[in-house]
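Numbering (the numbering used here), first residue to last: 32 to 91.
By construction, the Cβ of each residue, glycine as well, lies at the ideal position given by its N, Cα and C atoms.
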């Protein structure tokens with residue numbers, strides 16, 4: 032499960048790295064828009080997004 036926790040500051044780094052999985056919501060915070068069923072071929076991008084997050088808000 033890929034989750035964005037409450038530390039998110041809405042910087043958009045994850046949406047730039049992996050727009051298929053992450054998007055900013057109405058509050059300006061990132062969220063996982065794919066839910067639990069993330070294809071295996073997108074997991075590397077999810078890991079890269081987590082590494083790019085300045086506040087470590089992405090949990091893999």
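Under the three-state reduction of DSSP, residue 54 is assigned to strand. Taking the Cα positions, residue 76 is about 11 angstroms away from residue 91. A direct Cα-Cα distance of roughly 17 angstroms separates residue 45 from residue 71.
Cα atoms of residue 37 and residue 88: separation of roughly 7 angstroms, rounded to the nearest angstrom.
In the three-state DSSP reduction, residue 62 falls in the strand class (E or B).
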